[in-house]
Amino acid sequence: MPPVKGSYFLTWILISVFSTCVISFIPIDNYLIDCGSSGNTTVGARVFLGDANLPSKTLSTPKHIMASTDFNLAAFSEYPSLYQTARIFTSLSYYSFQIQQYGHHFIRLHFYPFVYQNYDLANAKFNVSTQDIMLLTDFQLKNISSPILKEYLVNITKDKLKVFFQPFSDLAFVNAIEVVSVPDTLIFDLASTINPVGQYTGLSTQALENVYRVNMGIPKVTPDNDTLWRTWVPDASFI
1 MPPVKGSYFL
11 TWILISVFST
21 CVISFIPIDN
31 YLIDCGSSGN
41 TTVGARVFLG
51 DANLPSKTLS
61 TPKHIMASTD
71 FNLAAFSEYP
81 SLYQTARIFT
91 SLSYYSFQIQ
101 QYGHHFIRLH
111 FYPFVYQNYD
121 LANAKFNVST
131 QDIMLLTDFQ
141 LKNISSPILK
151 EYLVNITKDK
161 LKVFFQPFSD
171 LAFVNAIEVV
181 SVPDTLIFDL
191 ASTINPVGQY
201 TGLSTQALEN
211 VYRVNMGIPK
221 VTPDNDTLWR
231 TWVPDASFI
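Its first residue numbered 1, the sequence shown is counted upward by one per residue in full-length UniProt numbering.
Put into structure tokens, the structure is as follows:
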């Protein structure tokens, strides 16, 4: 098992009038990986690199299994090509990313299960963690009709980030990974608590999972129209 020193993270709900005050930002670290692919995939204005062409030190896995499907996800996803390949793991494996700038990063994990040869990805059950934080525990994707995106905001203070996949069934998998630095001003250190009423200090040092990102009174915002490549859903269904 990978070492996990702080095996928890805080969950947050972010509601905004628009996509925050970040006007323009060029990330120092910008890893976009199309897992299980031998070619690059263009997603809007970004290019995801096929992990088959990455340096060998980027991916550590005892068995290389690259899966693909011809199923057309156009009706279920804005970027269907990103979910037509996957990297399958049958034992503990990890991706390693060199971090050039300490500070806050998005870690985004893309999942969509399909059947490849004798591997049914819907039967996968696994953990995902970094060296310090457990991101997903006993994670499964049964009976889903559209891709799942898991997004975390993590304060990285090491030269390398490793993302571990630990199968608990016969396999684990991932379709795509993003590790992208973001402005440290994206999250404040001080927050107000509701019950009990008070203040919480140290929020910027915590690992956060995005649950909802809601755009108030304006239609959906896609990653192509957001400086930090976020998706904002309309607020109508929440009212």
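No residue lacks a Cβ here, since even glycine has one placed at the ideal position from N, Cα and C.
Mind reading off the beta-carbon distance from residue i to residue j? Whole number of angstroms is fine, and I expect it under 8 Å.
i: G36; j: T85; result: 4 Å
i: I107; j: V154; result: 6 Å
i: P175; j: Y112; result: The sequence given here has Asn at residue 175, not Pro. About 6 Å; that satisfies the 8 Å criterion.
i: P223; j: R230; result: 6 Å
Considering just the uninterrupted stretch of the beta strand (DSSP E) at residue i, what are its terminal residues?
i: R87; result: T85 to F89
i: M66; result: I65 to S68
i: G103; result: G103 to F111
i: V211; result: L208 to N215
i: S93; result: S93 to Q98
Where does residue i sit, in a helix, a strand or coil, going by DSSP?
i: D138; result: strand
i: G6; result: Caution is warranted here: a pLDDT of 47 is assigned to G6, below 50, making its placement in the model unreliable, and the coordinate value is therefore given only provisionally. Looking at G6 - three-state DSSP - the assignment turns out to be coil, as it is neither helix nor strand.
i: N53; result: helix
i: D184; result: helix
i: F76; result: coil
i: L41; result: Looking at the sequence itself, residue 41 is Thr, so the reference to Leu does not match. In this structure, T41 counts as strand in the three-state DSSP scheme.
Would you call the CB atoms of residue i and residue j closer than 8 Å?
i: L161; j: F97; result: yes
i: V180; j: N72; result: no
i: T61; j: S93; result: yes
i: V163; j: T130; result: yes
i: H110; j: I156; result: no
i: Y102; j: T58; result: no
Item checked: Sufficient close CB pairs (3 or more, under 8 Å) joining the stretch 112 to 125 to the stretch 159 to 177 -> yes
Checklist line | Cβ contact (3+ pairs, closer than 8 Å) linking the stretch 182 to 196 and the stretch 144 to 151 | finding: no
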